[in-house]
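Here the sequence shown stands for residues 1 to 449, where the numbers follow UniProt numbering.
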Amino acid sequence: MSHDSEPQPLTASPGTPLRGSLRPPGDKSISHRAMILGLLAIGETRVEGLLEGDDVLRTAAAAKALGAGMERLGEGRWVVRGVGIGGLSDPAETLDFANAGTGSRLMMGVVGGQPVTATFDGDASLRKRPMRRILDPLMRMGTQVLSEAEGGRVPLTLRGPRETIPITYETPAASAQIKSAVLLAGLNAPGITTVIEREATRDHTERMLRLFGAEISVTRHGEGGHGRSIALTGQPTLRGTDVIVPADPSSAAFPLVAALIVPGSEVTLEGVMMNPLRTGLITTLIEMGAEIERLREREEGGETVADLRVRASRLKGVDVPPERAPAMIDEYPILAVAAAFAEGTTRMNGLHELRVKESDRLAAVADGLAANGVAHLIEGDDLIVHGDGQAPHGAGTVATHLDHRIAMSFLVMGLATRAPVTVDDGAMIATSFPSFLPTMRALGGAIQG
Numbered sequence: 001m002s003h004d005s006e007p008q009p010l011t012a013s014p015g016t017p018l019r020g021s022l023r024p025p026g027d028k029s030i031s032h033r034a035m036i037l038g039l040l041a042i043g044e045t046r047v048e049g050l051l052e053g054d055d056v057l058r059t060a061a062a063a064k065a066l067g068a069g070m071e072r073l074g075e076g077r078w079v080v081r082g083v084g085i086g087g088l089s090d091p092a093e094t095l096d097f098a099n100a101g102t103g104s105r106l107m108m109g110v111v112g113g114q115p116v117t118a119t120f121d122g123d124a125s126l127r128k129r130p131m132r133r134i135l136d137p138l139m140r141m142g143t144q145v146l147s148e149a150e151g152g153r154v155p156l157t158l159r160g161p162r163e164t165i166p167i168t169y170e171t172p173a174a175s176a177q178i179k180s181a182v183l184l185a186g187l188n189a190p191g192i193t194t195v196i197e198r199e200a201t202r203d204h205t206e207r208m209l210r211l212f213g214a215e216i217s218v219t220r221h222g223e224g225g226h227g228r229s230i231a232l233t234g235q236p237t238l239r240g241t242d243v244i245v246p247a248d249p250s251s252a253a254f255p256l257v258a259a260l261i262v263p264g265s266e267v268t269l270e271g272v273m274m275n276p277l278r279t280g281l282i283t284t285l286i287e288m289g290a291e292i293e294r295l296r297e298r299e300e301g302g303e304t305v306a307d308l309r310v311r312a313s314r315l316k317g318v319d320v321p322p323e324r325a326p327a328m329i330d331e332y333p334i335l336a337v338a339a340a341f342a343e344g345t346t347r348m349n350g351l352h353e354l355r356v357k358e359s360d361r362l363a364a365v366a367d368g369l370a371a372n373g374v375a376h377l378i379e380g381d382d383l384i385v386h387g388d389g390q391a392p393h394g395a396g397t398v399a400t401h402l403d404h405r406i407a408m409s410f411l412v413m414g415l416a417t418r419a420p421v422t423v424d425d426g427a428m429i430a431t432s433f434p435s436f437l438p439t440m441r442a443l444g445g446a447i448q449g
């Protein structure tokens with residue numbers, strides 16, 4: 001899907017309560033990593049429940065271009081035939097990641113740690129996103145940056161060494177993408193690569209590396225034990241395995257918040273990942289008074305999952321601590337929507353990372369709130385939303401800036417405001433939640449476009 005095509009405006013209108021059950025799409029983070037580690041493993045990796053959004057399919061295409069065998073067996077069911085660490089081939093063409101920030105950055109770690117040369121590019125949105133913080137540690141590990149756009153952005157060309165240099169690296173920001181790129185490069189290092197985080201970020205790479213047979217240890221780090229030290233022993237033999245992809249909590253967030261704010265709603269979300277490094281939004285919403293019940297907790301794909309029963313709730317404003325940001329960094333736009341319906345003030349602290357997502361999400365969220373009559377304030381990297389316990393007026397048109405989470409968040413808002421809400425473009429929603437529109441309509445949501 002091209003993000004340079006004609007915009008597709010969408011309008012959400014208030015209507016009847018939302019009812020029903022659904023399984024949200026497979027987790028995007030797990031889906032990316034299943035394709036990447038399937039490439040680096042020996043033998044077959046069978047994946048069930050893969051998120052077949054554009055972002056993940058770009059990662060799958062890149063893995064194929066680097067030498068993996070790739071076969072789609074049916075909806076969400078794939079087989080990846082890997083080439084092993086050191087077995088990658090130079091791709092014949094540029095690796096085009098479109099809007100896939102995670103896929104491009106993780107694959108830079110792969111290419112930067114292998115004796116191959118590859119060029120990375122993407123759409124207009126990806127070309128604006130900073131890659132320097134990925135390139136800096138990779139260059140310490142022996143990666144050559146043969147060419148780059150201004151500021152270390154794509155298009156850029158990397159050449160990896162025959163063997164990566166093992167390093168100890170403290171990440172400059174709480175970013176699972178930086179950590180994962182360094183660990184993936186470290187797979188080809190003759191020694192131990194260590195990544196130190198001051199604040200723990202989502203640990204899917206560590207869990208999946210272990211699943212594929214890597215030797216990796218994780219210990220608490222720093223005052224209060226909020227940080228992590230992750231040590232990876234390089235040059236393992238990764239073995240193809242079976243991966244069941246749990247439902248994505250970041251995608252589940254949209255129907256979940258919709259059920260909370262549309263009066264009379266009750267929705268069950270099936271098989272949602274409950275990794276504690278991904279459930280910051282659920283923790284926050286429960287603090288706000290949300291009625292969210294966990295049912296049938298179980299293990300799938302190395303992760304704890306549960307069904308969530310969600311009922312419409314009266315929400316109250318809360319103070320969200322900055323240390324919670326890594327566990328919900330993608331969910332702040334939809335939390336801001338929930339806060340607009342809450343009674344009192346919600347302060348979301350420490351949102352610097354939102355400025356370097358698909359868009360400047362902090363500014364985009366603030367603009368969307370303003371367009372729909374919601375009182376708010378940005379103080380430094382904090383977002384403050386003032387609610388009065390009533391539905392905001394709505395009637396605004398929101399600029400999405402090619403950002404799928406901005407689009408979905410404000411469509412959810414429009415299902416409960418007094419007047420409809422329009423987003424200027426919904427085409428990019430397919431990058432993470434291809435079935436968003438039919439899913440929300442099946443629950444009773446009125447979204448036209």
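Here a beta-carbon is modelled for each residue, glycine too, at the ideal position from N, C-alpha and C.
In the three-state scheme derived from DSSP, where H, G and I count as helix and E and B as strand, Leu-156 is classed as strand. Closest in alpha carbon position to His-376, among Gly-350, Gly-344 and Thr-400, is Gly-344.
Taking C-alpha positions only, His-352 is separated from Gly-43 by approximately 41 Å.
For Ala-407, the CB contacts under 6 Å within the same chain, skipping 5 residues up- and downstream, are Thr-400, Val-423, Gly-426 and Ile-429 in chain order. For Asp-403, the secondary structure class from DSSP, reduced to helix, strand or coil, is coil. Between the region 249 to 259 and the region 217 to 230, the count of C-beta pairs closer than 8 Å stays below three; the two stretches do not touch. DSSP, reduced to helix, strand and coil, places Gly-67 outside both helices and strands of the structure shown, so it counts as coil. By the C-beta density criterion, Ile-30 is buried, having at least 16 other C-beta atoms within 10 angstroms.
Burial state of His-393 is exposed, judged by a 10 Å Cβ sphere holding fewer than 16 other Cβ atoms. In this structure, the beta-carbon distance from Ala-181 to Ile-134 falls below 8 Å. Leu-295 counts as exposed, since fewer than 16 other C-beta atoms from the protein chains shown sit within 10 angstroms of its C-beta.
Within 10 angstroms of the beta-carbon of Gly-112 lie 16 or more other beta-carbons, which makes it buried. The shortest CA-to-CA distance from Pro-434 to any of Arg-23, Glu-6 and Gly-225 is the one to Arg-23. Judged by DSSP in its simplified three-state form, His-352 adopts helix. For the region 21 to 52, the continuous beta strand (DSSP E) assignments of 3+ residues that do not extend past its boundaries occur at 42 to 48, in sequence order. Annotation for Val-421: the continuous beta strand (DSSP E) segment containing it runs 421 to 423. Taking a 10 Å sphere around the C-beta of Gly-380, we find fewer than 16 other C-beta atoms and assign the residue as exposed. Annotated three-state conformation of Ile-196 is strand, per DSSP.
In the pairwise beta carbon analysis, the region 186 to 194 is classified as touching the region 161 to 169: at least three pairs are separated by under 8 Å. For the options Leu-37, Leu-88, Ala-416 and Lys-128, the alpha carbon positioned closest to that of Asp-360 is the one of Lys-128.
Bounds of any beta strand (DSSP E) do not take in His-204; it lies within the alpha helix (DSSP H) bounded by 204 to 211. At a Cβ-Cβ threshold of 8 Å, Met-131 and Arg-159 do not count as neighbours.
Rounded to the nearest angstrom, the gap between the Cα atoms of Ala-366 and Met-70 is 42 Å. Val-272: member of the beta strand (DSSP E) spanning 266 to 273, first to last residue. Taking the C-beta atoms as reference points, Glu-48 is found nearer than 8 Å to Ile-244. By a beta-carbon distance limit of 8 Å, Pro-155 contacts Asp-121. Their separation comes to about 4 Å. The alpha carbon of Leu-402 has as its nearest neighbour, out of Ser-432, Asp-388 and Gln-390, the alpha carbon of Ser-432. For Thr-59, the closest alpha carbon among the candidates Ile-36, Leu-40 and Leu-73 is that of Ile-36.
No residue range can be given for Thr-417, since it is assigned to no beta strand (DSSP E) and is classified by DSSP as neither H nor E. Distance between Lys-179 and Leu-57, taken at the CA atoms: about 22 Å. According to DSSP, residue pairing for Asp-242 in a beta bridge involves Arg-46. The C-alpha of Ile-261 is placed about 51 Å away from the C-alpha of Gly-142. Phe-254: member of the alpha helix (DSSP H) spanning 249 to 261, first to last residue. For Gly-82, DSSP records a beta bridge to Gly-43. When Cβ pairs closer than 8 Å are counted between the two stretches, the region 269 to 280 is seen to touch the region 200 to 213, the count reaching three or more. Gly-224 sits in a helix when the DSSP states are folded into three classes.
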